[in-house]
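**Q** Residue numbers for the sequence shown follow my numbering, beginning at 140 and rising by one. We put the CB at the ideal spot given by N, CA and C, even for glycine. Everything numeric in this text was worked out from a predicted model, so none of it was measured.
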Amino acid sequence: MTAEPRPRPYLMCAPEHFAVEYAINPWMDPTQPVDAELARRQWEDLRQTLTGLGHTVDTLTPLAGLPDMVFAANGAFTVDGIAYGARFRFPQRTAEAAAHRQYYEADPATWKFVEPQQINEGEGDFAYLPQAHGGLVLAGYGFRTEPAAHAEVQAVFGRPVVSLRLVDPRIYHLDVALAAIDDENIAYYPGAFSVGSQRVLRELFPNALLADQDDAMAFGLNLVSDGRHVVLPAEAVGLAAQLNDAGYVAVPVELSEFKKGGGSVKCCVAELRP
Ligand code: ARG
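1. Mind checking which residues open and close the alpha helix (DSSP H) that includes F397?
2. Below 8 Å, can you find three or more Cβ-Cβ pairs linking the region 161-175 to the region 342-351?
3. Following a CB-centred definition, is M356 positioned closer than 7 Å to any heavy atom of the ligand FAD?
4. Would you give the residue range spanned by the beta strand (DSSP E) that G279 belongs to?
5. Got a sec? Which residues, its chain only, sit under 7 Å from V404 by beta carbon, not counting five neighbours each side?
6. Return the CA-CA distance between T141 and L275, expressed in angstroms with no decimal places.
7. At what residues does the alpha helix (DSSP H) containing V334 begin and finish?
8. Assuming the contact rule is C-beta atoms closer than 8 Å, A319 and A331 should be a hit. Round their C-beta distance to whole Å, please.
9. Between Y149, R232, M167, which has its C-alpha nearest T198's C-alpha?
10. Does the Cβ-Cβ distance between L305 and L277 come in under 8 Å?
11. K399 to E254, Cα distance in whole Å?
12. Whose C-alpha, out of V218, A248, I258, K251, is nearest the C-alpha of R232?
13. Which residues in the same chain have their Cβ closer than 6 Å to the Cβ of R298, if we skip the five residues on either side of it in sequence?
14. CA-CA distance, L202 and D384?
15. Just to confirm the assignment, what range does the beta strand (DSSP E) spanning F216 have?
16. Does the distance from the CB of G263 to the CB of D314 come in under 8 Å?
17. If you measure from the CB of A212, is any heavy atom of the ligand ARG nearer than 7 Å?
18. Is F252 closer than 8 Å to A222 when the C-beta atoms are compared?
19. Can you grab the Cα-Cα spacing for the pair G335 / E176, in whole Å?
20. Would you decide whether A294 is buried or exposed? Buried here means 16 or more other CB atoms lie within 10 Å of its CB.
21. Using only the heavy atoms of the ligand ARG, determine whether one of them is closer than 7 Å to the beta carbon of D168.
22. Quick one: what does DSSP say M356 is sitting in, helix, strand or coil?
23. For a test of your reading of the model: does the CB of V315 fall under 7 Å from any non-hydrogen atom of the ligand ARG? Yes or no.
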């Protein structure tokens, strides 16, 4: 493993308008209330955990009428100063894409924004491993992002893209099934993937950490790692122990309110790769 943490710039969006008003994944139940004040505190704790680890966190202005905008990871996928925009699967989230686009277009010295032609939900379905196979993109499909977007990403970034099929509706985004734990290695829950995709992952990442179903359902893989510190939901106790055993430092955070929307740590945090 890469023992040295790398300070990173992240993008988040405060949960000012967060609520569960519709159901576009199996976790969302609009009859179950969200504690808005608790959500605000949990989000703030997450932000401070990241800055406390030496990272920088930029924020987007939350917009009324977009209750899922707190899940900032879905708004784009950035590598090498290119920001490939999102095109959401469901109409309830469509307008979030423009807010992310504006963020990147406001800083043309840093970012080249690429408007996507294909449906894709940003880092929700794309992961980047800078030191694996010369800079590898892992891409999920089956529920949200279209496979055609994987080809688009390969053309836009000029990096190899490996398509992985998700098969469990509770694990509807790649970032709830798999995570980069450093620049070259991943953790994942095999049961989230088709048999063929499991085989591809075994072949590409023989040293991966394998999470069990309990940790996957606790959204343990929805984590943010700087290569050493791994910020993950507190409920994922098994995965935290595995990470610590492997020489990483698990940093548990409480994000119960966001689980009601079908998300956790990683969903709330977009990594910026200028
Ligand atoms: N309610 C949101 C949706 O279903 C949750 C998104 C979670 N984000 C993520 N990166 N997995 O779209």
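**A** Judging by the given coordinates:
1. Walking along the sequence shown from the start, residue 397 turns up at place 258. Here the alpha helix (DSSP H) through F397 covers 395-398.
2. No: the two stretches stay apart, fewer than three of their Cβ pairs being nearer than 8 Å.
3. Among the ligands modelled here, namely the ligand ARG, the ligand FAD does not occur.
4. Locating residue 279 in the sequence shown gives position 140, where the first residue counts as 1. Looking at the DSSP string, the run of the beta strand (DSSP E) that includes G279 is 275-280.
5. Residue mapping note: residue 404 aligns to position 265 of the sequence shown, counting from 1. Cβ neighbours of V404 beyond the five flanking positions: L185, N361, L362, V363, V370, L371, P372, V392, L394.
6. As a first step, residue 141 must be located in the sequence shown, where it is residue number 2. As a first step, residue 275 must be located in the sequence shown, where it is residue number 136. Confidence is the limiting factor: at T141 the pLDDT is only 48, short of 50, which leaves the residue's position unreliable, though a coordinate-based value still follows. When rounded, the distance between both Cα atoms is 16 Å.
7. Reading the sequence shown from its first residue, position 195 is the one you call residue 334. For V334, the uninterrupted alpha helix (DSSP H) segment begins and ends at 334-343.
8. On the sequence shown, residue 319 is found 180 positions in, with the first residue counted as 1. On the sequence shown, residue 331 is found 192 positions in, with the first residue counted as 1. Rounded, the Cβ-Cβ distance is 16 Å, inconsistent with contact.
9. Taking the sequence shown and counting its residues from 1, one reaches residue 198 at position 59. That would be Y149, whose Cα lies nearest to the Cα of T198.
10. On the sequence shown, residue 305 is found 166 positions in, with the first residue counted as 1. On the sequence shown, residue 277 is found 138 positions in, with the first residue counted as 1. No. Outside cutoff.
11. Residue 399 sits at position 260 when you count from the first residue of the sequence shown. Residue 254 sits at position 115 when you count from the first residue of the sequence shown. Rounded to whole angstroms, K399 to E254 spans 30 Å at the Cα level.
12. To locate residue 232, count along the sequence shown from 1; it is residue 93. Out of V218, A248, I258, K251, I258 has the C-alpha closest to the C-alpha of R232.
13. The residue you call residue 298 lines up with position 159 of the sequence shown. Cβ neighbours of R298 beyond the five flanking positions: G274, V276.
14. To locate residue 202, count along the sequence shown from 1; it is residue 63. To locate residue 384, count along the sequence shown from 1; it is residue 245. One Cα belongs to L202, the other to D384, and the distance between them is close to 41 Å.
15. Translated into the one-based positions of the sequence shown, residue 216 becomes position 77. Residues 215-218.
16. Counting from one through the sequence shown, the residue named residue 263 turns up at place 124. Counting from one through the sequence shown, the residue named residue 314 turns up at place 175. Result yes, Cβ atoms of G263 and D314 sit closer than 8 Å.
17. If you number the sequence shown from 1, residue 212 lands on position 73. True, at least one ligand heavy atom lies under 7 Å from that Cβ.
18. As a position in the sequence shown, residue 222 is number 83, starting the count at 1. As a position in the sequence shown, residue 252 is number 113, starting the count at 1. Yes. Within cutoff.
19. By one-based count along the sequence shown, residue 335 stands at place 196. By one-based count along the sequence shown, residue 176 stands at place 37. Rounded to whole angstroms, G335 to E176 spans 43 Å at the Cα level.
20. Counting from one through the sequence shown, the residue named residue 294 turns up at place 155. Counting of Cβ neighbours within 10 angstroms places A294 among the exposed residues, the total staying below 16.
21. Residue 168 sits at position 29 when you count from the first residue of the sequence shown. No, the ligand ARG has no heavy atom inside 7 Å of this Cβ.
22. Residue 356 sits at position 217 when you count from the first residue of the sequence shown. Of the three classes helix, strand and coil, the one that applies to M356 here is helix, per DSSP.
23. Position 176 of the sequence shown, counted from the start, is the residue given in the question as residue 315. For V315, the Cβ falls inside the 7 Å cut-off from some heavy atom of the ligand ARG.
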